[in-house]
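One structure below.
There are 2 protein chains.
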Amino acid sequence: MLPKSKEIGSHDRVAAGHDGRDTPPVRGQVRRMVVKGRPESGYKKGDETRQRLLEVALAAFGAAPFSAVTTRQITTAAGVSLPSLQYYFGDKQGLYRACAEAIVDRFRANASAAAGDARKALGGECSPEMARAHLKTVLGAIAGFLIGTKESARWAQFVARELREAGPAFEILYERLWRPGVEVTSRLIARVRGVPDNDPAARVEALLLIGSVLAFQSGRRITLRTMQWSAIGPEELELIRAALDAQIDAIGRNPG
Amino acid sequence: MLPKSKEIGSHDRVAAGHDGRDTPPVRGQVRRMVVKGRPESGYKKGDETRQRLLEVALAAFGAAPFSAVTTRQITTAAGVSLPSLQYYFGDKQGLYRACAEAIVDRFRANASAAAGDARKALGGECSPEMARAHLKTVLGAIAGFLIGTKESARWAQFVARELREAGPAFEILYERLWRPGVEVTSRLIARVRGVPDNDPAARVEALLLIGSVLAFQSGRRITLRTMQWSAIGPEELELIRAALDAQIDAIGRNPG
DNA sequence: CTGAATATCTATCATACGATATATATTGTC
DNA sequence: GACAATATATATCGTATGATAGATATTCAG
Numbered sequence: 005m006l007p008k009s010k011e012i013g014s015h016d017r018v019a020a021g022h023d024g025r026d027t028p029p030v031r032g033q034v035r036r037m038v039v040k041g042r043p044e045s046g047y048k049k050g051d052e053t054r055q056r057l058l059e060v061a062l063a064a065f066g067a068a069p070f071s072a073v074t075t076r077q078i079t080t081a082a083g084v085s086l087p088s089l090q091y092y093f094g095d096k097q098g099l100y101r102a103c104a105e106a107i108v109d110r111f112r113a114n115a116s117a118a119a120g121d122a123r124k125a126l127g128g129e130c131s132p133e134m135a136r137a138h139l140k141t142v143l144g145a146i147a148g149f150l151i152g153t154k155e156s157a158r159w160a161q162f163v164a165r166e167l168r169e170a171g172p173a174f175e176i177l178y179e180r181l182w183r184p185g186v187e188v189t190s191r192l193i194a195r196v197r198g199v200p201d202n203d204p205a206a207r208v209e210a211l212l213l214i215g216s217v218l219a220f221q222s223g224r225r226i227t228l229r230t231m232q233w234s235a236i237g238p239e240e241l242e243l244i245r246a247a248l249d250a251q252i253d254a255i256g257r258n259p260g
Numbered sequence: 005m006l007p008k009s010k011e012i013g014s015h016d017r018v019a020a021g022h023d024g025r026d027t028p029p030v031r032g033q034v035r036r037m038v039v040k041g042r043p044e045s046g047y048k049k050g051d052e053t054r055q056r057l058l059e060v061a062l063a064a065f066g067a068a069p070f071s072a073v074t075t076r077q078i079t080t081a082a083g084v085s086l087p088s089l090q091y092y093f094g095d096k097q098g099l100y101r102a103c104a105e106a107i108v109d110r111f112r113a114n115a116s117a118a119a120g121d122a123r124k125a126l127g128g129e130c131s132p133e134m135a136r137a138h139l140k141t142v143l144g145a146i147a148g149f150l151i152g153t154k155e156s157a158r159w160a161q162f163v164a165r166e167l168r169e170a171g172p173a174f175e176i177l178y179e180r181l182w183r184p185g186v187e188v189t190s191r192l193i194a195r196v197r198g199v200p201d202n203d204p205a206a207r208v209e210a211l212l213l214i215g216s217v218l219a220f221q222s223g224r225r226i227t228l229r230t231m232q233w234s235a236i237g238p239e240e241l242e243l244i245r246a247a248l249d250a251q252i253d254a255i256g257r258n259p260g
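Protein chains in written order, with my numbering: chain A, 5 to 260; chain B, 5 to 260.
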């Protein structure tokens, strides 16, 4: 039963607090943890519980930052007892990271279609106007997915916060989600403008566009209030898409 | 020495967290609190301490969410003892709200110049191209202030988070900062496009533009990493401004 | 210089938190 | 059906948190 040391004041603060404590948890063996593979384990019931916990955690961590969500909230809402969390995920951060992994998988499942097409087009030769069309498709898909569905709103909040505040799941999300997304977008923009693939200005434009979409999602509450909308339905989404398309149309064209 | 009442259930939870425990604090009278006026009170030393506390809190709450910042962190960093916080601000949320007020004042001091000009122009007749110029000035000023100065970065983070997550200071920031800003921006855009002042599409475009600027600020960390910049200096700011100007130039012009 | 108003401290409270030890129940394998 | 592996629950630990009580020091008007 390893001494476990646990570092003095472990008590992970999330952001500012993030402070010292960079040593990995090292926590005493976690029974399951299912490190990578999703299903695993011959036993059925356990996976159900794990899933329920994960689902509740996704909602909770989507709606509030790491430190504002308590393990008791999660386990209670999931209808399981407190130690189940440690049993399946080691500790609170383990659960948080598991949420990130789950989100990445679901996001990619939805985005891979449009992104794949665009990537293929970038592989062959591809006229500026074709690139522009792909750009609209890709960003439109992202926007529709991010803004349109209530479910993904939660995940988007999670991702946006984590990338902003460089929390415990930052690396996962950056490498598997953000980087590929910016990559495709900025290469498309570069193609539209006829500049090299890694042109800085194109990258900035990519950030600006993606940032706009995220702003609508992340700031959904304030968007609703500002626009005096009661929800972001198909009509509202259309307005947003139109604004986005206008921005994309402007790329690479001289003013006046 | 008025009991000061201090609003009953002021306890407003910040986000999801913090469980039941809803019994209002009703805490005994707060000695000072200096409800509105900044200086006040013949005694000098007190105001200094109050100011120091506020300054530290601005940095702390700028960098991390409400629940991730502890009162001990703040008071220690400010070099005062724990109860000083209650003495001057009633409780943690009182301090938080005081931060919001302080930020609003400082922001307005910086933005009022450009915004005032634009408002005056909107009052008289104002050609689309003049409106476009004002738009560039206003957004450029906001971007410069928000992204350019290290100090305001903190405040911007605070504001962005609060508006996103509808925390205890939401109303203050929405009414005194966000609303006027969107108002001016969207009216300018409407003027550029020659549509009525309250045109929804213009409002959406305003949200999109402001959202972009905020995204660069709020997501400063990830911007740096994505662009492989070590800081956002004058050169980098210029790239961002250029991207913004391009977007503004695109407003109201037909594609192709 | 005096006395009240103001400011600051030390010590402590009750509670909520994340985590664990440990006992019991459930599941699947042979 | 026996038995190991897996899963869940109860009870509790140590600690960090926000807040308060109450004593003491400082400030300033008269």
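No residue lacks a Cβ here, since even glycine has one placed at the ideal position from N, Cα and C. Predicted, not measured: the structure shown is a model, and the values here were computed from it.
Legend entry - C-beta neighbour in chain A for T141/B, strict 7 Å: Mapped onto the second sequence, residue 141/B falls at position 137. At a cut-off of 7 Å, the C-beta of T141/B has no neighbouring C-beta in chain A.
Inset, instruction - Output yes if chain A places a C-beta closer than 7 Å to the C-beta of S234/B; else output no. - result: Translated into positions along the second sequence, residue 234/B becomes position 230. By this cut-off, S234/B is not an interface position.
Inset, instruction - State the start and end residues of the unbroken alpha helix (DSSP H) segment that holds D249/B. - result: Working through the second sequence from its first residue, we reach residue 249/B at position 245. Where D249/B is concerned, the enclosing alpha helix (DSSP H) stretches over P238 to A254.
Legend entry - Segments assigned alpha helix (DSSP H), at least 4 residues, entirely inside the stretch 64-124 of chain B: 75-82 and 86-93
Inset, instruction - Using a Cβ cut-off of 8 Å, pull out every chain B residue sitting near S156/A, in sequence order please. - result: Within the first sequence, numbered from 1, the residue matching residue 156/A stands at position 152. The contacting residues do not exist; S156/A stays about 17 Å from chain B at best.
Inset, instruction - Run the CB neighbour count on L86/B, radius 10 Å, all protein chains shown included, and call it buried at 16 or more, exposed below. - result: For the purposes of this step, residue 86/B is taken as the residue at position 82 of the second sequence. It is exposed - the Cβ of L86/B has fewer than 16 other Cβ atoms within 10 Å.
Legend entry - Where Q251/A meets chain B, residues with beta-carbon distance less than 8 Å: Start at 1 with the first residue of the first sequence, and residue 251/A comes out as number 247. Near Q251/A (Cβ distances below 8 Å), the residues of chain B are L212, Q251 and A254.
Legend entry - Interface partners of M231/B on chain A, CB under 9 Å: Stepping through the second sequence from its first residue, residue 231/B is reached at position 227. Under the 9 Å cutoff, chain A gives P204, R207, V208 and L211.
Inset, instruction - Report the neighbours of L218/A on chain B: residues whose CB is nearer than 7 Å to its CB, in chain order. - result: Start at 1 with the first residue of the first sequence, and residue 218/A comes out as number 214. Around L218/A, the beta-carbon contacts reaching into chain B at under 7 Å are A219.
Legend entry - Backbone CA spacing between V60/B and R112/B [nearest angstrom]: Translated into positions along the second sequence, residue 60/B becomes position 56. Translated into positions along the second sequence, residue 112/B becomes position 108. Spanning the two alpha carbons is a distance of roughly 21 Å.
Inset, instruction - Check whether the Cβ atoms of Q251/B and A160/B sit closer than 7 Å, and answer yes or no. - result: Here residue 251/B refers to the residue found at position 247 of the second sequence. Here residue 160/B refers to the residue found at position 156 of the second sequence. Contact flag unset, no.
Inset, instruction - Spatial neighbours of L307/A within its chain, please: CB distance less than 7 Å, with the 5 preceding and 5 following residues excluded, ordered by chain position. - result: Here chain A covers residues 5 to 260 and nothing more, so residue 307/A does not appear.
Inset, instruction - With distances taken Cα to Cα, identify the nearest neighbour of L241/B among E52/B, I146/B, D95/B and L126/B. - result: Residue numbering aside, residue 241/B sits at position 237 when the second sequence is read from its first letter. Of E52/B, I146/B, D95/B and L126/B, the residue nearest in Cα terms is I146/B.
Inset, instruction - Could you name the residues of the same chain whose beta carbon sits closer than 7 Å to that of S88/B, not counting the 5 residues immediately before and after it, in chain order? - result: Your numbering for residue 88/B matches position 84 in the second sequence. Correct list, in chain order: T53, L57 and T79.
Legend entry - At least three beta-carbon pairs within less than 8 Å, the stretch 190-210 of chain A to the stretch 193-205 of chain B: no
Legend entry - Whole-angstrom distance between L218/A and L62/A, CA atom to CA atom: Taking the first sequence and counting its residues from 1, the one referred to as residue 62/A is at position 58. Taking the first sequence and counting its residues from 1, the one referred to as residue 218/A is at position 214. Going by the C-alpha atoms only, they are around 18 Å apart.
Inset, instruction - Can you pull the chain B residues whose beta carbon is under 7 Å from the beta carbon of W159/A, in chain order? - result: On the first sequence, position 155 is the one that residue 159/A refers to. Here the premise fails: no neighbours, minimum Cβ distance about 15 Å.
Inset, instruction - Determine the DSSP secondary structure at Q232/A, reduced to helix, strand or coil. - result: As a position in the first sequence, residue 232/A is number 228, starting the count at 1. Residue state for Q232/A is assigned as coil, using DSSP reduced to three classes.
Inset, instruction - Say whether chain B places a C-beta atom closer than 7 Å to the C-beta of L243/A. - result: Counting from one through the first sequence, the residue named residue 243/A turns up at place 239. Yes, because at least one Cβ of chain B sits closer than 7 Å to the Cβ of L243/A.
Inset, instruction - Find the nearest neighbour of D51/A within the set F93/A, R224/A and T74/A, judged by alpha-carbon distance. - result: Translated into the one-based positions of the first sequence, residue 51/A becomes position 47. Minimum Cα distance to D51/A is reached at F93/A.
Inset, instruction - Could you pull the start and end residues of the alpha helix (DSSP H) that S222/B belongs to? - result: Counting from 1 along the second sequence, the entry for residue 222/B is found at position 218. From DSSP, the alpha helix (DSSP H) with S222/B extends over P204 to S222.
Legend entry - Beta-carbon contacts of A81/B that lie in its chain and below 6 Å, excluding the five residues immediately before and after: Stepping through the second sequence from its first residue, residue 81/B is reached at position 77. Within the same chain, A81/B has close Cβ partners V60.
Legend entry - C103/A Cβ short of 6 Å to the ligand PLP heavy atom set: As for the ligand PLP, it is missing from this structure, which has no ligand bound.
Legend entry - Proximity to E179/B [Cα-Cα], best of I226/A, L212/A and A194/A: As a working note, residue 179/B is residue 175 in the second sequence. It is I226/A.
Legend entry - Cβ-Cβ separation, A118/A to T141/A (assumed contact under 8 Å), whole Å: Along the first sequence, one-based indexing puts residue 141/A at 137. Along the first sequence, one-based indexing puts residue 118/A at 114. With 8 Å as the limit, T141/A and A118/A qualify as a contact, their Cβ atoms being about 5 Å apart.
Legend entry - Any chain B beta carbon closer than 7 Å to L167/A: Your numbering for residue 167/A matches position 163 in the first sequence. So, interface residue.
Legend entry - Euclidean distance between Cα positions of K40/B and A102/B: Taking the second sequence and counting its residues from 1, the one referred to as residue 40/B is at position 36. Taking the second sequence and counting its residues from 1, the one referred to as residue 102/B is at position 98. Confidence in K40/B is poor, its pLDDT being 43 and thus under 50, which makes the residue's placement unreliable; the coordinate value appears in the next sentence. Near 9 Å, if we compare the C-alpha coordinates of A102/B and K40/B.
Legend entry - Separation of E155/A from A210/B, as counted between CA atoms: As a position in the second sequence, residue 210/B is number 206, starting the count at 1. As a position in the first sequence, residue 155/A is number 151, starting the count at 1. Rounded to the nearest angstrom, the two C-alpha atoms are 26 Å apart.
Legend entry - Contact belief for V208/A with L243/B at Cβ below 8 Å, rounded distance in angstroms: Sequence index remark: in the first sequence, residue 208/A carries index 204 (1-based). Sequence index remark: in the second sequence, residue 243/B carries index 239 (1-based). That belief holds up - the Cβ atoms of V208/A and L243/B are roughly 5 Å apart, short of 8 Å.
Inset, instruction - Using a Cβ cut-off of 7 Å (strictly closer), state whether V186/B contacts chain A. - result: Looking up residue 186/B in the second sequence gives position 182. Interface residue, yes.
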